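Peer 1: The first sequence runs 78 to 556 under our numbering.
Would you mind keeping the following structure in view while I ask a few things?
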Amino acid sequence: MLKIYNTLTKKKERFEPIEPGKVKIYVCGPTVYDASHIGHARSVVVFDVIARYLSATGYEVVYVRNFTDIDDKIINRANELDIDTKELSERYIQEFYEDMGALKVRQATHEPKATDYIAQIIDLIRLLLEKGHAYEAGADVFYAVESFNDYGKLSGRRLEDMQAGARVAVDENKRNPFDFVLWKGAKPGEPMWNSPWGKGRPGWHIECSAMSAFFLGHHLDIHGGGKDLIFPHHENEIAQSEGAFGERFVNVWVHNGFVKIDQEKMSKSLGNFLMIKDILKQYHPEAVRLFLLSNHYRSPIDFTEQAMIEAETGLEKIYAFLERITQSAGPDTEGRNQQEQGELWEHFCETMDDDFNTARAMGLVFDTLRQLNRIMDEGTDATNGKKRARLESVRADLKRVGLVLGIGTEAPSYFFEQKKAKTLEREAIDKALVERLITERVQARQQKNWAWADQIRGELAAMNIVLEDRPEGTVWKAK
RNA sequence: GGCGGCAUAGCCAAGUGGUAAGGCAGCGGUCUGCAAAACCGUUAUACACCGGUUCAAAUCCGGUUGCCGCCUCCA
């Protein structure tokens, strides 16, 4: 039984899909005016795992993640660079796909751009005007927050409270300071579209209401995004969608916590934004996922070098295990994965059913690794009979779990080869040299010339190359 | 000022009433020529502090302290 924490009710609730067997999810995607940072990665990875898990447990998932490709920040940035907004947004959409692809994020069912849905946006604004939730003021159209009784229900705010300490830009055209713009009248040099209210462009909040309605209808199962979007963005979406359509907009609101960098919030002023593409130069994409999924999605998470090194260490442990089990139980073939779902998968589902507890899921994975390593340590009879069946069954489950989390999905040999290649490049070492030194050391060991052997091992260690003398021979690994 | 969150071992972290998952680091051991890897053992009489409810609380309630987020563009 799946339970999800709902921001609206501040409780974990049993999840009941609107249509049996089907889940409709909308997640707010990025405003594409700059490269994606680790905070974007968290949100996208968290909802990627949620969508994968729902699919894996039998739901038909319709997942929509938008791109905001028109807004003040985009216009400003485009002006700075002296290019048009389309060129700018397309560039960063492209980068977004590169970054998220590298992080092994699956594509959503639909990934619409706001500027492709101007007609739907205009229709929605027209409906809000008809229903008395919006008004024209000068060249702009505003949403009248006082016309919507439930305004503030998601963020737990009341208009009166907010007005007391209002830090909102005063706009003479607004009836209430919290009224927000649905349609902005055109300004010179800005992109514009025709509308019943003259040339202009949509406000930020309206696009999500319009696109979610277009792809998913008026009533969604899950709507997600970063915690910061609760107010005003999601509050405003509720006002728009429920105001326009007169029915409940979203059943479950899901919000992920922030990523901090060395205890500090990422911000423009601190200049500490960590971009995904830079992080990936240093760390394996699955290590980034492992790091992100090692905490509960609603908690803040602190990005530090130490945390990333630990994630890399953990990832290597997983691949070392996968490599070992391949030797012990034979190669991982298609047929073997058809096995029935076992205990590990069952426990994984229990854990994920509890508000997507990926941190505990990682604990399960490491626990399983230890148990199976012990079986393999016990001896060669692990290669036959009951033990082998157990190994194969758990491996199949581990693979299923890995496919939900997006961790441990590469062939172990590939993983280690990539790692070696990266280290060799970084340390500017010739692979042939490493292999020659190892051959030399094997000879030294055969002659029981331990001093020589140890000296060679020391030299390689200085190059970040670690040797393992296994019964079947010496292998090397890169740090 | 308004709203909300967090405080668990050296570090990270799960755990919302029944007696502390998991990871990293450390220490001892098995294995090894020695290592590495893996495994075994060990590491919080204890969950910020005070008080309360209960047979029973890290978990619920009240208070205190500290940290953080949102209220302005932000994942």
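Even for Gly, the Cβ is constructed at its ideal location relative to N, Cα and C.
Since we're looking at a predicted model, the values are computed, not measured.
Can you check which of these residues, P377, G462 and L369, is closest to E341 by C-alpha distance?
Peer 2: Here residue 341 corresponds to residue number 264 of the first sequence, with the count starting at 1. When only C-alpha atoms are compared, the closest one is P377.
Peer 1: Considering Cα atoms alone, identify which of Y374, M429, P362 and F443 is closest to F398.
Peer 2: Locating residue 398 in the first sequence gives position 321, counting from the first residue. Here the closest residue by C-alpha is F443.
Peer 1: Residue range of the alpha helix (DSSP H) that D430 falls in?
Peer 2: To locate residue 430, count along the first sequence from 1; it is residue 353. Looking at the DSSP string, the run of the alpha helix (DSSP H) that includes D430 is E420 to D430.
Peer 1: With distance defined between alpha-carbon atoms, name the residue in R522, K358, R472 and T428 nearest to K496.
Peer 2: In the first sequence, residue 496 corresponds to position 419, counting from 1. Minimum Cα distance to K496 is reached at K358.
Peer 1: Let's test the definition: count the other Cβ atoms within 10 Å of the Cβ of I386 and tell me whether it reaches 16, buried, or not, exposed.
Peer 2: In the first sequence, counting from the first residue as 1, residue 386 sits at position 309. Counting Cβ neighbours within 10 Å, I386 comes out exposed, since fewer than 16 surround it.
Peer 1: Report the three-state DSSP secondary structure of W281 (helix, strand or coil).
Peer 2: Start at 1 with the first residue of the first sequence, and residue 281 comes out as number 204. Coil.
Peer 1: For A473, which of K508, E423, E487 and E417 has the nearest alpha-carbon?
Peer 2: The count along the first sequence starts at 1 and reaches residue 473 at position 396. Between A473 and the set K508, E423, E487 and E417, the nearest pair of CA atoms involves E417.
Peer 1: Opposite F257 in the DSSP bridges: which residues?
Peer 2: Counted from its first residue, the first sequence places residue 257 at position 180. F257 is bridged to Y220.
Peer 1: Could you give the DSSP three-state label for H114: helix, strand or coil?
Peer 2: As a position in the first sequence, residue 114 is number 37, starting the count at 1. Three-state DSSP puts H114 in a strand.
Peer 1: Could you pull the DSSP bridge partners for V552 from this structure?
Peer 2: Working through the first sequence from its first residue, we reach residue 552 at position 475. Answer is E545, bridged to V552.
Peer 1: Which one or two residues does DSSP pair with E213 in a beta bridge?
Peer 2: For the purposes of this step, residue 213 is taken as the residue at position 136 of the first sequence. V218, per the DSSP bridge assignment.
Peer 1: Which residue's Cα is closest to the Cα of M540: K508, I115 and Q520?
Peer 2: The residue you call residue 540 lines up with position 463 of the first sequence. Ranking the options by Cα distance to M540, first place goes to K508.
Peer 1: Thinking C-alpha only, which one of K394, L449 and E96 is nearest L421?
Peer 2: Here the question's residue 421 lines up with position 344 in the first sequence. Closest option to L421, Cα to Cα, is L449.
Peer 1: In three-state DSSP terms, what is K472?
Peer 2: On the first sequence, position 395 is the one that residue 472 refers to. Note on identity: in this sequence residue 472 is Arg, with Lys being the wrong assignment. Three-state result, R472: helix.
Peer 1: On a CA-only basis, which of N253, Q171 and I452 is nearest A211? Give me that one, please.
Peer 2: Stepping through the first sequence from its first residue, residue 211 is reached at position 134. Checked all of N253, Q171 and I452; the closest Cα to A211 is N253.
Peer 1: Could you tell me which residues DSSP puts in a beta bridge with N333?
Peer 2: Reading the first sequence from its first residue, position 256 is the one you call residue 333. N333 is bridged to G303.
Peer 1: Name the residue from P273, H311, T84 and K80 whose alpha carbon lies nearest to the alpha carbon of F257.
Peer 2: Locating residue 257 in the first sequence gives position 180, counting from the first residue. Across the set P273, H311, T84 and K80, the C-alpha of H311 shows the shortest separation from the C-alpha of F257.
Peer 1: Considering only the alpha carbon of each residue, which of S232, L231, E207 and K230 lies closest to Y220?
Peer 2: What you label residue 220 is simply residue 143 of the first sequence in a count that begins at 1. If you compare the alpha carbons of S232, L231, E207 and K230 with that of Y220, the shortest gap goes to E207.
Peer 1: With a threshold of 16 other CB atoms inside 10 Å of the CB of Q197, please say whether the residue is buried or exposed.
Peer 2: On the first sequence, position 120 is the one that residue 197 refers to. Result: buried.
Peer 1: Would you please state the rounded distance, in angstroms, between the beta carbons of V141 and P189? I believe it to be under 8 Å.
Peer 2: In the first sequence, counting from the first residue as 1, residue 141 sits at position 64. In the first sequence, counting from the first residue as 1, residue 189 sits at position 112. That belief holds up - the Cβ atoms of V141 and P189 are roughly 7 Å apart, short of 8 Å.
Peer 1: Assuming the contact rule is C-beta atoms closer than 8 Å, V47 and L180 should be a hit. Round their C-beta distance to whole Å, please.
Peer 2: An answer regarding residue 47 cannot be provided, because it is not within the stretch 78 to 556 covered by the chain.
Peer 1: For M177 versus D430, is the C-beta spacing smaller than 8 Å?
Peer 2: Position 100 of the first sequence holds residue 177. Position 353 of the first sequence holds residue 430. Not a contact, by the Cβ cut-off of 8 Å.
Peer 1: Identify whether A459 lies in helix, strand or coil by the three-state DSSP scheme.
Peer 2: Against the first sequence, residue 459 aligns to sequence position 382. Caution is warranted here: a pLDDT of 45 is assigned to A459, below 50, making its placement in the model unreliable, and the coordinate value is therefore given only provisionally. DSSP places A459 in helix when its eight states are reduced to three.
Peer 1: Quick check: the Cα distance between D298 and Q317, rounded to an integer number of angstroms?
Peer 2: For the purposes of this step, residue 298 is identified with residue 221 of the first sequence, where counting begins at 1. For the purposes of this step, residue 317 is identified with residue 240 of the first sequence, where counting begins at 1. Cα to Cα, the separation comes out at about 17 Å.
Peer 1: Evaluate contact between the stretch 112-124 and the stretch 160-167, counting only Cβ atoms and requiring at least three cross-stretch pairs below 8 Å.
Peer 2: no
Peer 1: How would you write the range of the beta strand (DSSP E) that Y491 sits in, first residue to last?
Peer 2: If you number the first sequence from 1, residue 491 lands on position 414. Unbroken run through Y491 is the alpha helix (DSSP H), P489 to E504; no beta strand (DSSP E).
Peer 1: What is the DSSP secondary structure of L79, counted as helix, strand or coil?
Peer 2: Residue numbering aside, residue 79 sits at position 2 when the first sequence is read from its first letter. The answer is coil: DSSP assigns L79 none of H, G, I, E or B.
Peer 1: Distance check for I395 and G483, CA to CA, integer angstroms please.
Peer 2: The sequence position of residue 483 within the first sequence is 406, counting from 1. The sequence position of residue 395 within the first sequence is 318, counting from 1. Rounded to the nearest angstrom, the two C-alpha atoms are 13 Å apart.
Peer 1: G262 by DSSP, collapsed to three states: which one?
Peer 2: Here the question's residue 262 lines up with position 185 in the first sequence. G262 falls in the strand class under three-state DSSP.
Peer 1: Go to V138, then tell me how far its beta strand (DSSP E) extends in each direction, as first and last residue.
Peer 2: The residue given as residue 138 occupies position 61 in the first sequence. Element bounds for V138: E137 to R142.
Peer 1: Would you kindly work out how many angstroms separate the C-alpha atoms of E400 and D148, rounded to a whole number?
Peer 2: Locating residue 400 in the first sequence gives position 323, counting from the first residue. Locating residue 148 in the first sequence gives position 71, counting from the first residue. So the alpha carbons of these two residues sit roughly 49 Å apart.
Peer 1: Do G262 and G215 have their C-beta atoms within less than 8 Å of each other?
Peer 2: Taking the first sequence and counting its residues from 1, one reaches residue 262 at position 185. Taking the first sequence and counting its residues from 1, one reaches residue 215 at position 138. Taking 8 Å as the Cβ cut-off, G262 and G215 qualify as a contacting pair.
Peer 1: Would you mind reading off the limits of the alpha helix (DSSP H) that contains K251?
Peer 2: Position 174 of the first sequence, counting from 1, holds the residue named residue 251. That residue, K251, is in no alpha helix (DSSP H); it is neither H nor E in DSSP.
Peer 1: By how many angstroms is the C-alpha of S470 removed from the C-alpha of M288?
Peer 2: Mapped onto the first sequence, residue 288 falls at position 211. Mapped onto the first sequence, residue 470 falls at position 393. Going by the C-alpha atoms only, they are around 43 Å apart.
Peer 1: Name the two residues that bound the continuous alpha helix (DSSP H) containing I202.
Peer 2: Within the first sequence, the letter at position 125 stands for residue 202. I195 to E207 is the extent of the alpha helix (DSSP H) around I202.
Peer 1: For V327, collect the residues of the same chain with a Cβ closer than 6 Å to its Cβ; drop the 5 residues on either side in sequence, then sort them by chain order.
Peer 2: Stepping through the first sequence from its first residue, residue 327 is reached at position 250. Around V327: L297 and H300.
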